[in-house]
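Visitor: Okay, here's the structure, questions in a sec.
There are 2 protein chains.
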Amino acid sequence: MPETKIFDNITEDEINKMKNCFKAVNRKYIEEERINNIEDGSLGIVLSGVVEIIRFDFDGNRTILERINENGIFGRLFFSQIDEGDVQIICATDTEVMFVDYEHLVKQCHNACSHHSTLIRNMLSIVSEKSIKLSNRVEVLSQRTLRKKLITYFNMISKETGKKSIVIPFSLSNLSDYLCVDRSAMLREMKKMRDEGLIDSHAKKVTILYDQTMY
Amino acid sequence: MPETKIFDNITEDEINKMKNCFKAVNRKYIEEERINNIEDGSLGIVLSGVVEIIRFDFDGNRTILERINENGIFGRLFFSQIDEGDVQIICATDTEVMFVDYEHLVKQCHNACSHHSTLIRNMLSIVSEKSIKLSNRVEVLSQRTLRKKLITYFNMISKETGKKSIVIPFSLSNLSDYLCVDRSAMLREMKKMRDEGLIDSHAKKVTILYDQTMY
DNA sequence: TTCAAATTGTTGCAATTGCAACTGTTATAT
DNA sequence: ATATAACAGTTGCAATTGCAACAATTTGAA
Chain X
12 MPETKIFDNI TEDEINKMKN CFKAVNRKYI EEERINNIED GSLGIVLSGV
62 VEIIRFDFDG NRTILERINE NGIFGRLFFS QIDEGDVQII CATDTEVMFV
112 DYEHLVKQCH NACSHHSTLI RNMLSIVSEK SIKLSNRVEV LSQRTLRKKL
162 ITYFNMISKE TGKKSIVIPF SLSNLSDYLC VDRSAMLREM KKMRDEGLID
212 SHAKKVTILY DQTMY
Chain E
12 MPETKIFDNI TEDEINKMKN CFKAVNRKYI EEERINNIED GSLGIVLSGV
62 VEIIRFDFDG NRTILERINE NGIFGRLFFS QIDEGDVQII CATDTEVMFV
112 DYEHLVKQCH NACSHHSTLI RNMLSIVSEK SIKLSNRVEV LSQRTLRKKL
162 ITYFNMISKE TGKKSIVIPF SLSNLSDYLC VDRSAMLREM KKMRDEGLID
212 SHAKKVTILY DQTMY
């Protein structure tokens with residue numbers, strides 16, 4: 012499934028008109044930088060890089076709620092309203108983001124830009140892709156044991172690339188924050204899996220040896 | 012936030028034309044009934060009732076992956092592709108669903124129905140609302156302890172209704188399938204919370220006594 | 001190159017959770 | 001009204017996971 016870009020099938024000319032119309036603002040961030048002061052109605056579109064939604068809760072746990080790659084979107088609109096902890100938006104790499112006003116983008120345009128409907132269709136694809144990613148996330152977190160969380164996650168990555176040898180896209184300590192488990196418990200479980208011959212692994216490189224049809 | 016309906020701001024006349032155009036099919040189901048034979052490109056729109064996406068895994072665990080209320084949507088398109096277990100779509104109540112062909116709904120219409128763009132905008136709202144619900148789901152499942160899962164869930168329900176006394180919308184045994192924890196462990200934790208004066212509860216009725224600003 | 005910091009890896013011990021096997025209670029159908 | 005099934009509630013015991021405190025290795029900057 013090819014990822015939709017926000018301006019797919021729209022001419023350069025039209026894009027510029029629209030950007031003006033939506034008061035689009037581009038901003039660059041460096042690795043580790045926090046994205047601050049996001050207005051409630053503002054929508055961030057990741058043009059390049061990776062953005063993470065991270066929660067720090069009261070007893071010191073760090074949780075990666077979401078990882079947003081190129082062409083993905085984020086915004087207060089899109090994340091949980093129940094979250095009382097400290098939720099931050101942090102760039103995992105150098106990143107460029109375009110901010111637009113969501114309401115303006117979604118509502119009928121006064122200027123009746125001819126390509127506006129294409130834009131909304133693109134937006135629909137992007138949000139649909141976000142939903143699928145969130146479903147994958149639920150799939151992983153809904154697993155009852157650490158081992159099954161790992162296996163489900165490995166299978167997901169493996170399915171994306173079609174290979175049995177995968178490279179985890181972040182540090183193992185970040186992986187434990189993503190799987191919402193203790194880091195040492197996770198490493199212990201990976202060691203067990205190595206010992207049992209289910210995987211081969213060294214740091215972020217993992218090779219799946221188990222029968223994937225079993226899980 | 013009022014929920015968007017698929018045909019908001021479209022006249023009855025236009026709706027009928029469109030339904031024809033999308034080859035919309037309405038179907039009624041009774042409580043407990045399984046929704047079968049969903050084609051890959053088919054999109055289900057819940058007109059009334061509640062639909063649940065349920066996974067039965069190899070060691071007998073039942074997991075409620077998603078609960079879809081009135082005006083929500085579902086379809087193979089929208090759920091995880093990594094899922095190797097047995098995923099079923101089951102109606103939690105008597106339910107009416109409209110099925111449409113997703114591609115047809117999303118792509119430019121040959122007949123150029125005038126209200127098609129409104130429909131796509133509505134669809135965008137609905138998918139966005141789905142994303143938010145999935146984010147809430149991630150928020151709950153990402154909690155590290157059973158107690159925090161319960162508290163996050165209770166807070167979510169409480170926030171929806173604005174009341175501290177809530178009624179869990181399904182049986183406690185289903186709640187444990189939703190929180191992805193063991194039922195008896197969950198009941199034990201609820202008992203502890205009662206004993207500590209954090210909640211008052213009897214069966215599906217729960218009153219929040221703890222300070223919600225703390226969680 | 002070398003040192004410091006970050007990351008990976010390990011382990012004992014304690015706390016939490018799951019499992020199993022119950023009892024008690026509430027609906028539902030005949 | 002009563003039986004039966006579904007649901008709620010309980011508890012001992014075992015397994016899993018979290019926590020803490022390390023050691024080993026890798027990475028990055030001076």
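Protein chains in written order, with our numbering: chain X, 12 to 226; chain E, 12 to 226. Just so it is clear, CB atoms sit at the ideal spot from N, CA and C, and this is done for glycine as well.
(1) Using a Cβ-Cβ cut-off of 7 Å, state whether C191 of chain X counts as contacting chain E.
(2) Name the DSSP beta bridge partners of N37 of chain X, please?
(3) Name, please, each residue of chain X whose Cβ falls closer than 7 Å to the Cβ of T74 of chain E.
(4) So who's on the other strand from K216 of chain E, going by DSSP bridges?
(5) Please say whether I219 of chain E and K170 of chain E have beta carbons closer to each other than 7 Å?
(6) Starting from E50 of chain E, trace the beta strand (DSSP E) both ways and give me its first and last residue.
(7) Apart from the five residues on each side of it in sequence, which residues of its chain come closer than 6 Å, Cβ to Cβ, to K16 of chain E?
(8) Use the C-beta contact count for R45 of chain E: other C-beta atoms within 10 angstroms, 16 or more gives buried, fewer gives exposed.
(9) State yes or no: is the beta carbon of F90 of chain E nearer than 7 Å to at least one beta carbon in chain X?
(10) Taking 7 Å as the CB-CB limit, is M134 of chain X close to chain E?
(11) With a threshold of 7 Å between beta carbons, is N147 of chain E in contact with chain X?
(12) Tell me where the alpha helix (DSSP H) around K66 of chain E begins and ends.
(13) So, at 8 Å on beta carbons, what are the nonlocal neighbours of A214 of chain E in its own chain, with the 5 sequence-adjacent residues on each side left out?
(14) Residues in its own chain within less than 6 Å of Q154 of chain E by CB, not counting five upstream and five downstream?
(15) Cβ atoms of S139 of chain X and V178 of chain E: under 7 Å apart, would you say?
(16) Determine the extent of the alpha helix (DSSP H) in which L186 of chain X is found, giving its start and end residues.
(17) Should E63 of chain E and I101 of chain E be called a contact, given that it needs their Cβ atoms to be closer than 7 Å?
(18) Any idea if T224 of chain X is buried or exposed, counting beta-carbon neighbours within 10 angstroms, 16 or more meaning buried?
(19) If you drop the 5 nearest sequence neighbours on each side, which residues of the same chain put their C-beta closer than 7 Å to that of G86 of chain X?
(20) When DSSP labels each residue in this structure, what does E207 of chain E get in the three-state scheme?
(21) Mapping the DSSP letters down to three states, classify E114 of chain E as helix, strand or coil.
(22) Would you report the Cα separation of S146 of chain E and Y221 of chain E, rounded to the nearest angstrom?
(23) Mind checking N31 of chain E: buried by the 16 CB within 10 Å criterion, or exposed?
(24) Quick test of your reading: C135 of chain E and I75 of chain X, contact by CB under 8 Å. State the CB separation rounded to the nearest angstrom.
(25) Alpha carbon to alpha carbon, how far is D193 of chain E from Y40 of chain X?
(26) Within 10 angstroms of the Cβ of F67 of chain X, are there 16 or more other Cβ atoms? Answer buried if so, exposed if not.
(27) Quick one: list the residues of chain E neighbouring K160 of chain X, beta-carbon separation under 8 Å, in chain order.
(28) From X:D105, X:Y189, X:D70, X:D206, pick the residue whose C-alpha is nearest to that of R38 of chain X; which is it?
(29) Check each candidate in E:I210, E:I84, E:E23, E:L209 and name the one with the smallest Cα separation from M141 of chain E.
(30) Taking DSSP's pairing of strands, which residues face G55 of chain E in a bridge?
(31) Starting from K203 of chain E, find everything on chain X with Cβ-Cβ shorter than 9 Å and list it in chain order.
(32) Could you check if N47 of chain E is buried or exposed, using at least 16 other CB atoms within 10 Å of its CB as the buried criterion?
(33) Between T129 of chain X and I21 of chain X, is the Cβ-Cβ spacing less than 7 Å?
(34) Just checking my contact of Y226 of chain E with N166 of chain E at CB under 8 Å: how many whole Å lie between their CB atoms?
(35) Could you list which residues in chain E have their beta carbon closer than 7 Å to that of I143 of chain X, in chain order?
(36) Candidates E:V57, E:H126, E:M197: which alpha carbon is nearest F110 of chain E's?
Guide: Let's see:
(1) Position 180 of the first sequence, counting from 1, holds the residue named residue 191 of chain X. True, the Cβ-Cβ gap to chain E drops below 7 Å.
(2) Reading the first sequence from its first residue, position 26 is the one you call residue 37 of chain X. N37 of chain X is bridged to X:M109.
(3) Start at 1 with the first residue of the second sequence, and residue 74 of chain E comes out as number 63. The answer, in chain order, is S153.
(4) In the second sequence, counting from the first residue as 1, residue 216 of chain E sits at position 205. Per the DSSP secondary-structure output, K216 of chain E pairs in a beta bridge with E:V178, E:H213.
(5) Counting from 1 along the second sequence, the entry for residue 170 of chain E is found at position 159. Counting from 1 along the second sequence, the entry for residue 219 of chain E is found at position 208. Here K170 of chain E is not near I219 of chain E, since their CB atoms are 7 Å or more apart.
(6) Looking up residue 50 of chain E in the second sequence gives position 39. Element bounds for E50 of chain E: n/a, residue is neither H nor E.
(7) By 1-based counting over the second sequence, the position of residue 16 of chain E is 5. Closer than 6 Å at the Cβ level, and outside the excluded window around K16 of chain E, lie N82.
(8) Here residue 45 of chain E is taken as the residue at index 34 of the second sequence, counted from 1. Exposure of R45 of chain E is indicated by the presence of fewer than 16 other C-beta atoms within 10 angstroms of its C-beta.
(9) The residue given as residue 90 of chain E occupies position 79 in the second sequence. Yes, F90 of chain E counts as interfacial toward chain X.
(10) Numbered from its first residue, the first sequence carries residue 134 of chain X at position 123. Under the Cβ criterion of 7 Å, M134 of chain X is counted among the residues facing chain E.
(11) For the purposes of this step, residue 147 of chain E is taken as the residue at position 136 of the second sequence. The C-beta of N147 of chain E comes closer than 7 Å to at least one C-beta of chain X.
(12) The sequence position of residue 66 of chain E within the second sequence is 55, counting from 1. Residue identity differs from the one stated: residue 66 of chain E is Arg in this sequence, not Lys. Taken as a continuous stretch (DSSP letters only), R66 of chain E belongs to no alpha helix (DSSP H), being part of the beta strand (DSSP E) at 62 to 67.
(13) For the purposes of this step, residue 214 of chain E is taken as the residue at position 203 of the second sequence. Cβ neighbours of A214 of chain E within its own chain (closer than 8 Å, five residues either side excluded): L183.
(14) As a first step, residue 154 of chain E must be located in the second sequence, where it is residue number 143. Excluding residues within five positions, the ones whose Cβ falls inside 6 Å are K160, T163.
(15) Residue numbering aside, residue 178 of chain E sits at position 167 when the second sequence is read from its first letter. Residue numbering aside, residue 139 of chain X sits at position 128 when the first sequence is read from its first letter. No, the Cβ-Cβ distance between V178 of chain E and S139 of chain X is not below 7 Å.
(16) The residue labelled residue 186 of chain X in the question sits at position 175 within the first sequence. In the DSSP assignment, L186 of chain X falls within the alpha helix (DSSP H) that extends over 183 to 190.
(17) Numbered from 1 along the second sequence, position 52 holds the residue referred to as residue 63 of chain E. Numbered from 1 along the second sequence, position 90 holds the residue referred to as residue 101 of chain E. In this structure, E63 of chain E lies near I101 of chain E, with their beta-carbon atoms less than 7 Å apart.
(18) The count along the first sequence starts at 1 and reaches residue 224 of chain X at position 213. The C-beta of T224 of chain X has fewer than 16 other C-beta atoms within 10 Å across all chains shown, which makes the residue exposed.
(19) Translated into positions along the first sequence, residue 86 of chain X becomes position 75. For G86 of chain X, where only same-chain residues beyond five positions count, the Cβ hits under 7 Å are I49, S53, L54, G55, Y113.
(20) The count along the second sequence starts at 1 and reaches residue 207 of chain E at position 196. It is coil, neither helix nor strand.
(21) Taking the first residue of the second sequence as 1, we reach residue 114 of chain E at position 103. E114 of chain E falls in the helix class under three-state DSSP.
(22) Your numbering for residue 146 of chain E matches position 135 in the second sequence. Your numbering for residue 221 of chain E matches position 210 in the second sequence. Here the C-alpha atom of S146 of chain E lies approximately 24 Å from the C-alpha atom of Y221 of chain E.
(23) Within the second sequence, the letter at position 20 stands for residue 31 of chain E. With fewer than 16 Cβ atoms within 10 Å of its Cβ, N31 of chain E is classed as exposed.
(24) Taking the second sequence and counting its residues from 1, the one referred to as residue 135 of chain E is at position 124. Taking the first sequence and counting its residues from 1, the one referred to as residue 75 of chain X is at position 64. Residue identity differs from the one stated: residue 135 of chain E is Leu in this sequence, not Cys. No, L135 of chain E and I75 of chain X are not in contact; Cβ-Cβ is about 27 Å, not under 8 Å.
(25) Residue mapping note: residue 193 of chain E aligns to position 182 of the second sequence, counting from 1. Residue mapping note: residue 40 of chain X aligns to position 29 of the first sequence, counting from 1. So the alpha carbons of these two residues sit roughly 43 Å apart.
(26) Position 56 of the first sequence, counting from 1, holds the residue named residue 67 of chain X. Result: exposed.
(27) By 1-based counting over the first sequence, the position of residue 160 of chain X is 149. By Cβ distance, chain E contributes nothing, its closest Cβ being about 10 Å from K160 of chain X, past 8 Å.
(28) Within the first sequence, numbered from 1, the residue matching residue 38 of chain X stands at position 27. Comparing Cα positions, the closest option is X:D105.
(29) Counted from its first residue, the second sequence places residue 141 of chain E at position 130. The identity of residue 141 of chain E in the sequence shown is Lys, whereas the question assumes Met. The shortest C-alpha to C-alpha distance from K141 of chain E to any of E:I210, E:I84, E:E23, E:L209 is the one to E:I84.
(30) Taking the second sequence and counting its residues from 1, the one referred to as residue 55 of chain E is at position 44. Under the DSSP definition of a beta bridge, G55 of chain E partners with E:F85, E:F110.
(31) On the second sequence, position 192 is the one that residue 203 of chain E refers to. Neighbours of K203 of chain E across chain X, judged by C-beta separation under 9 Å, do not exist; the nearest C-beta is about 17 Å away.
(32) Locating residue 47 of chain E in the second sequence gives position 36, where the first residue counts as 1. Per the 10 Å Cβ criterion, exposed.
(33) Numbered from its first residue, the first sequence carries residue 129 of chain X at position 118. Numbered from its first residue, the first sequence carries residue 21 of chain X at position 10. A contact, by the Cβ cut-off of 7 Å.
(34) As a position in the second sequence, residue 226 of chain E is number 215, starting the count at 1. As a position in the second sequence, residue 166 of chain E is number 155, starting the count at 1. Contact check for Y226 of chain E and N166 of chain E: beta-carbon distance about 6 Å, within the 8 Å limit, so the pair qualifies.
(35) On the first sequence, position 132 is the one that residue 143 of chain X refers to. Going along chain E in sequence order, the residues near I143 of chain X (Cβ under 7 Å) are F89.
(36) Within the second sequence, residue 110 of chain E is the residue found at index 99, counting from 1. Selection E:V57, E:H126, E:M197 evaluated against F110 of chain E yields E:V57 as nearest (Cα-Cα).
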